[in-house]
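> Heads up: the sequence shown runs through residues -25 to -1, 1 to 247, numbered per mature numbering (1 follows the signal peptide of the UniProt record, and there is no 0).
Note that CB positions come from ideal geometry on N, CA and C, so glycine has one too.
Mind having a look at this structure? Questions to follow.
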Amino acid sequence: MSLPSFFTTLTIFLITLTSTKKVTSHYSSSSSQQPPYLQSSPSFTEWRSARATYYAAADPRDTVGGACGYGDLTKAGYGMATVGLSESLFERGQICGACFELRCVEDMRWCLPGTSIIVTATNFCAPNYGFTSEGGGHCNPPNKHFVLPIDAFEKIAIWKAGNMPLQYRRIKCRREGGIRFTVTGSGIFVSVLISNVAGHGDIIAVKVKGSRTGWLPMGRNWGQNWHISALLQNQPLSFEVTSSDGKTVTSYNVAPKDWSFGQTFEGKQFDT
């Protein structure tokens, strides 16, 4: 091959390679490679080791609140199949809404053989640096720790187990009905709690659109509460929700023109 022909061939090859890379990047959300924000997350098939403790709800108000902002967990549809996560798992609230399967292992004196439970991340277990991670600071880094309502704990182990070894894995969430949008705020400050999310369960991005606006990105306030400062009253609202696997679902005109603060609306749902 002559020298000019060689350089012509090389140029064509490089142009083709560059073009291929652009196409691959454009379709990365549907490829088998995990997005960057999932590469260090618990696998949906691999069991991993952790520990768990429980709390007993002495007061009905104990089922209200939590670091994910879902409020009354029964009204939100989660019931007592919930869990608080240690700092090493909580991901500063992004994990809120994700589902885990848990099973008791090793301590066969207290484990209920052949059982597992499915729970939703709704709360945070704060570190206690007055204790070491091995000596009472159950939720201190780098511990992977789950705090369960006793009702859930007793489905896989006898309560005397105390600080119990277990295995966990992420699983897809299955929900009845569509994604729920609870709108609160005042004036131009609009906050939206997003709940009842199927599929990966946890949300990484939200946009809102009024009939007189374009798509406006919302910021994470805390947990799964998202906010924006914009004049959105007296116009129907649409929402675009993106989960941690990169999938997006759009719900058009979910809230009617005469919506008001404090109302909850139901939109489309992710496929599972």
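#1: So Asn196 and His202 are in contact, right, with Cβ under 8 Å, and what is the actual spacing, rounded?
#2: Can at least three beta-carbon pairs, one atom from the region 133 to 143 and one from the region 208 to 222, be found at a separation below 8 Å?
#3: So Ala96 packs on Phe75, CB below 8 Å; how close in whole Å?
#4: Given that a residue counts as buried once 16 or more other Cβ atoms are within 10 Å of its Cβ, and exposed if not, what is Tyr53?
#5: For the beta strand (DSSP E) containing residue 253, list its first residue and its last residue.
#6: Express the C-alpha separation of Gln244 and Ile125 in angstroms, rounding to a whole number.
#7: Measuring CB to CB, does Cys100 end up less than 8 Å from Gln199?
#8: Helix, strand or coil, according to DSSP, for Ile93 in the structure here?
#9: Do Ile154 and Val165 count as a contact pair if the criterion is CB distance below 8 Å?
#10: Taking all protein chains shown into account, do 16 or more other C-beta atoms lie within 10 angstroms of the C-beta of Tyr29, making it buried, or fewer, making it exposed?
#11: Determine the direct distance from the alpha carbon of Val183 to that of Ala31, and round the result to whole angstroms.
Well, looking at it:
#1: Indeed they touch by this definition, with Cβ atoms about 4 Å apart.
#2: Too few Cβ pairs lie closer than 8 Å, so no.
#3: Contact between Ala96 and Phe75 holds: their C-beta atoms lie close to 7 Å from each other, under 8 Å.
#4: Looking at its Cβ environment, which holds 16 or more other Cβ atoms inside 10 Å, Tyr53 is buried.
#5: The requested residue 253 is not part of the displayed model; the chain covers only -25 to 247.
#6: Between Ile125 and Gln244, the C-alpha separation is close to 31 Å.
#7: The Cβ atoms of Cys100 and Gln199 lie no closer than 8 Å to each other.
#8: Note: Ile93 maps to strand in three-state DSSP.
#9: In terms of Cβ geometry, Val165 and Ile154 do not form a close pair [threshold 8 Å].
#10: The residue is buried, with at least 16 neighbouring Cβ atoms inside 10 Å.
#11: Just so you know, the alpha carbons of Ala31 and Val183 end up roughly 39 Å apart.
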